[in-house]
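Numbering (the numbering used here), first residue to last: 11 to 297.
We put the CB at the ideal spot given by N, CA and C, even for glycine.
Note that this is a predicted model, so its numbers are computed, not measured.
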């Protein structure tokens with residue numbers, strides 16, 4: 011978010027100098043172009059009709075199951091003369107036509123398009139920046155030096171090393187990739203040798219131990235849930251302390267478009283709800 015804000019300010023400063031307008035007007039213009047135009051290759055296009063289409067995030071699991079595809083909802087024509095915009099799914103008469111704007115997380119959608127979706131199944135909140143970050147956390151919190159060095163290569167070379175290690179709406183059942191990686195980081199050395207990658211319902215390869223007894227599977231899952239819950243509780247505490255009051259501020263703008271303060275508060279509530287949901291469902295699963 012900070013990097014995106016910096017980019018907007020720098021671009022607006024350049025536009026203000028070139029067009030000889032105030033930075034405030036330039037910032038509005040840059041924001042309008044980014045939020046309302048479509049990017050393809052090295053060009054952007056304003057497509058007035060497409061502005062009426064609302065956003066529907068694409069779920070990776072839907073793509074894996076053949077119920078969708080990850081190709082863009084728009085593209086530059088082969089001859090470069092026009093833009094082609096298409097719906098992501100069939101729509102009947104009188105039904106709303108939806109397209110994917112390309113962004114998944116609510117933070118991205120808020121930053122680029124200035125809105126907070128009431129529901130976003132494709133949203134996620136990154137807990138670890140990388141597999142290496144996860145291994146460092148395990149070493150630190152469990153006081154097991156050497157764990158990172160022993161397992162770093164396998165984590166970095168797995169097929170899904172690019173997938174965010176993140177919480178997703180729906181609790182533990184929606185976070186199988188994260189849980190599998192945490193289990194692989196927590197397990198015993200002899201168990202780690204038998205970890206394999208499987209494809210399951212979140213659309214990504216998931217680490218699992220081959221031939222692990224069911225009792226040990228449940229035990230390891232509990233350890234992973236407890237480990238993640240400990241981190242999530244820390245996030246939640248920091249979130250609450252830094253962002254009080256949690257209630258929505260009054261929107262005195264007098265316009266239909268919510269004020270930035272209202273949008274920010276809605277996003278904060280959304281993230282807090284995702285964190286709290288994971289803790290509640292994880293507690294139900296382990297309790």
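A residue is called buried once 16 or more other Cβ atoms fall within 10 Å of its Cβ, and residue 156, having fewer, is exposed. Going by DSSP, residue 85 is part of the beta strand (DSSP E) stretching over 84-86. The continuous beta strand (DSSP E) containing residue 95 extends over residues 93-95. Apart from sequence neighbours up to five positions away, the residues of its chain that approach residue 191 with a beta-carbon distance below 7 angstroms are 141, 144, 175 and 217, ordered along the chain. Here residue 17 is exposed: its Cβ has fewer than 16 other Cβ atoms, across all protein chains shown, within 10 Å. In the three-state reduction of the DSSP assignment, residue 47 falls in the strand class.
For residue 92, the number of other beta carbons within 10 angstroms of its own is below 16, and it is reported as exposed.
Taken atom to atom, the span from the alpha-carbon of residue 131 to that of residue 67 is near 7 angstroms.
For the stretch 96-173, the continuous alpha helix (DSSP H) assignments of 4+ residues that do not extend past its boundaries occur at 116-123, 141-152 and 157-167, in sequence order.
Each of 194, 101 and 182 was checked against the Cα of residue 168, and the nearest Cα belongs to 194. Residue environment for residue 54: exposed (fewer than 16 other C-beta atoms within 10 angstroms of its C-beta). Of the residues assessed, residue 117 falls on the buried side of the cut-off, its CB having 16 or more other CB atoms within 10 angstroms.
Annotated three-state conformation of residue 220 is coil, per DSSP. Going by beta carbons, residue 177 and residue 230 fall outside the 9 angstroms limit.
Per DSSP, reduced to three states, the secondary structure at residue 247 is helical. Assignment of residue 63 by DSSP, reduced to helix, strand and coil, places it in the coil class. The criterion of a C-beta distance shorter than 9 angstroms is not satisfied by residue 136 and residue 123.
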